[in-house]
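K.L.:
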Amino acid sequence: MRSPAGPLALALIVIGSSCFVPSRAVAQDLPKGVTAADLAINNKLFLDLARKALRWEEPAEPARIAGPIYFVGTKGLGAFLITTSEGHILMNTGMPSSGPMILESIRKLGLRPEDIKLMINGHAHIDHAGAFAYVKQRVPQAVVAVMKDEVAAMESGGRGDFKYADDFAYPGVKVDRVLRDGDTIRMGDVRLVAYHTPGHTRGATTWVATIVVDGKPYVVVFPDGAGFNPGYRLARDPIYPGIAGDYRRTHHFLEMLMPDIWLAQHNEYYDLEGKLARARTEGINAWIDPEGYRIFVAGKKGAFEDQVNRELGAGKAK
Ligand SMILES: [Zn+2]
938 MRSPAGPLAL ALIVIGSSCF VPSRAVAQDL PKGVTAADLA INNKLFLDLA
988 RKALRWEEPA EPARIAGPIY FVGTKGLGAF LITTSEGHIL MNTGMPSSGP
1038 MILESIRKLG LRPEDIKLMI NGHAHIDHAG AFAYVKQRVP QAVVAVMKDE
1088 VAAMESGGRG DFKYADDFAY PGVKVDRVLR DGDTIRMGDV RLVAYHTPGH
1138 TRGATTWVAT IVVDGKPYVV VFPDGAGFNP GYRLARDPIY PGIAGDYRRT
1188 HHFLEMLMPD IWLAQHNEYY DLEGKLARAR TEGINAWIDP EGYRIFVAGK
1238 KGAFEDQVNR ELGAGKAK
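Structure representation (structure tokens):
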């Protein structure tokens, strides 16, 4: 039932909805009988197609990225381990099914999951927060630290989401530490600052890490909150009051950051595969990408403003 170009087309639509690929151009390549409009209203269909097309649950090899930062995610989803002299920090977990793979990835790197001291997230959707409960069960001493406005979502397992209601529910996890905008965490040589960047979810969190590699400091940004999914209403009859203002403040904030390195919760955003390949010969320089970050943020912002204009334009035509 699926045309050969189906999965790729869906990937472009999912990315396009929050980036800069016009979804109209690929809509005809969706699985037979499915339209882009269907993705906006059918949550379960959207999740099912996206997780396959974007390889959210396909195991991937772990890898060292730069200094204390390691990739421990799946083919499609970014989960990261940051090692410090005071224990490990795990950022994001992927889908609920990926818990065992993430712990195995940490072991493959020669590190111990038992040394995870802190668990943090970008936002509390199933594709990033799905396996927090699994990891916490096996590493009970790990402190789960979450932005204030995302605590309810993490603890309920994504229930009551403004777009997905309970459709994308996953095992919830108790939050041990509530974060506020600008809170700083120091562990060993690593400094992490949590910034509240709402829009995609109410408590989406952008993390800014400062790491030291061979005596040199690097700023590493993990941007979050900037993209919208199919079916988010932003300006006309907004999906929650104030969402457009949240997005604009988030885009403005992200524009002001100046990372050396940037990583994200979806691997295609920051070209994990390309950078991993280049890093074999270029080392840490393969990861230095302030221009890619700038293009990414501009893409999110442009897609958002286009969508707002479409919504308002539809109003005028009435
Ligand atoms: Zn999400």
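Sequential numbering of the sequence shown, starting at 938, is according to the numbering used here.
All C-beta atoms, glycine included, are put in the ideal place defined by N, C-alpha and C.
Treat the numbers as computed from the prediction; the structure is a model and nothing was measured.
(1) How long is the line joining the alpha carbons of VAL1088 and LEU1129, rounded to whole angstroms?
(2) Please confirm if the segment 1018-1025 is in contact with the segment 1122-1141, defined as three or more CB-CB distances below 8 Å between the two stretches.
(3) Please confirm if the segment 1189-1205 is in contact with the segment 975-988, defined as three or more CB-CB distances below 8 Å between the two stretches.
(4) Can you name, in chain order, every residue of its own chain whose Cβ lies under 6 Å from the Cβ of ILE1057, other than the five neighbours on each side?
(5) What separation, rounded to the nearest whole angstrom, lies between the Cα atoms of LEU991 and LEU1014?
(6) Would a C-beta distance cut-off of 7 Å place THR1138 and HIS1060 closer than the cut-off?
(7) Nearest to PRO1154 by alpha carbon, out of ALA1003, PRO1108, GLY1229?
(8) So, helix, strand or coil for THR1030, using DSSP?
(9) Leaving out five residues before and five after GLU995 in sequence, what residues of the same chain have Cβ atoms less than 6 Å from its Cβ?
(10) Looking only at C-alpha atoms, which of VAL1156, GLY1236, ARG1173, GLY1024 sits nearest to GLN1078?
(11) Going by C-alpha distance, which of TYR1184, ASP1161, GLY1220 is nearest TYR1206?
(12) Is ASP1120 helix, strand or coil when you go by DSSP?
(13) Which of helix, strand or coil does DSSP assign to ALA1235?
(14) When DSSP labels each residue in this structure, what does ALA987 get in the three-state scheme?
(15) For GLU1248, which three-state DSSP category applies?
(16) Whose C-alpha, out of GLU998, LYS1085, GLY1164, is nearest the C-alpha of ILE1043?
(17) In whole angstroms, give me the CA-to-CA distance for ARG1096 and ASP1151.
(18) Exposed or buried, VAL1115, counting other C-beta atoms within 10 Å across all chains shown (16 or more means buried)?
(19) Taking the alpha-carbon positions, what's the ALA1141 to ALA1214 distance?
(20) Using beta-carbon positions only, say whether GLY1094 and TYR1107 come within less than 7 Å of one another.
(21) Just to confirm my understanding: we take GLN1244, look at its own chain, exclude 5 residues before and 5 after, and list those with CB closer than 6 Å. What are they?
(22) Would you list the residues whose beta-carbon is nearer than 7 Å to any heavy atom of ligand 1, in the order they occur in the chain?
(23) Using the three-state DSSP reduction, which class does ARG1114 fall into: helix, strand or coil?
(24) Looking at the secondary structure, which residues open and close the beta strand (DSSP E) in which MET1195 lies?
P.N.:
Taking the structure as given:
(1) 19 Å
(2) yes
(3) no
(4) MET1028, ALA1082
(5) Within the model, the alpha-carbon separation for LEU991 versus LEU1014 is close to 8 Å.
(6) A contact, by the Cβ cut-off of 7 Å.
(7) ALA1003
(8) coil
(9) THR1011, LYS1012
(10) Of the listed residues, the one whose Cα sits closest to GLN1078 is GLY1024.
(11) ASP1161
(12) strand
(13) helix
(14) helix
(15) helix
(16) GLU998
(17) Distance between the alpha carbons of ARG1096 and ASP1151 is about 44 Å.
(18) exposed
(19) 30 Å
(20) yes
(21) LEU1171
(22) HIS1060, HIS1062, ASP1064, HIS1065, HIS1137, THR1138, ASN1166
(23) strand
(24) First-last for MET1195: undefined, no H or E at that position.
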